[in-house]
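Participant: Structure below; questions to follow.
In the UniProt record's numbering, the protein residues as written are 1 to 144.
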């Protein structure tokens, strides 16, 4: 058997075979071309700590706005009762009504109109005909 012409050489921290030396040099050259030559002021001035601080401030502001809005806009609780007084008022606005609608597909209540009352953010204030005559009116005040 003839001796192999490939010899091992040390290249950095790895061993390369001479035939692969050219491939290794080409790969290094391509990697250098991919590196930033002039990253620009945004990358040069990048500070991860200030970015994290800005992100935390923005996230806390978003959470604060979300919780502030949701507290004041929701009119019904998760069971379909009014938050202002705890009444289980039917959407026909009659206080003594036991439920005059088909069972709700979400909560199975007969007191939900076309939209489920659970966690709803609005109330019917009046039921009117097309001519504008009020059939039923909300019997009490519901605050915003």
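Backbone N, C-alpha and C fix where the C-beta goes; we use that ideal spot for every residue, glycine too. All of these numbers come straight from a predicted model, not from anything done at the bench.
Answer with buried or exposed for residue 80, where buried requires no fewer than 16 other C-beta atoms within 10 angstroms of its C-beta.
Facilitator: buried
Participant: Starting from residue 126, follow its DSSP beta bridges and name the residues at the other end.
Facilitator: 137
Participant: With a 10 Å radius around its C-beta and 16 neighbouring C-beta atoms as the bar for buried, classify residue 96 as buried or exposed.
Facilitator: exposed
Participant: Between residue 32 and the rest of its own chain, which residues show a CB-CB distance below 8 Å, the 5 nearest in sequence each way excluded?
Facilitator: Short of 8 Å from the beta carbon of residue 32, and not among the five residues preceding or following it, lies no beta carbon of its own chain.
Participant: In or out: residue 144 buried (at least 16 other Cβ within 10 Å) or exposed?
Facilitator: exposed
Participant: Are the Cβ atoms of residue 104 and residue 142 separated by less than 7 Å?
Facilitator: No.
Participant: Inspect the beta-carbon positions of residue 74 and residue 106 and report whether they are closer than 7 Å.
Facilitator: No.
Participant: CA-CA distance, residue 138 and residue 99?
Facilitator: 16 Å
Participant: Where do the N-terminal and C-terminal ends of the alpha helix (DSSP H) with residue 42 fall, by residue?
Facilitator: 41-44
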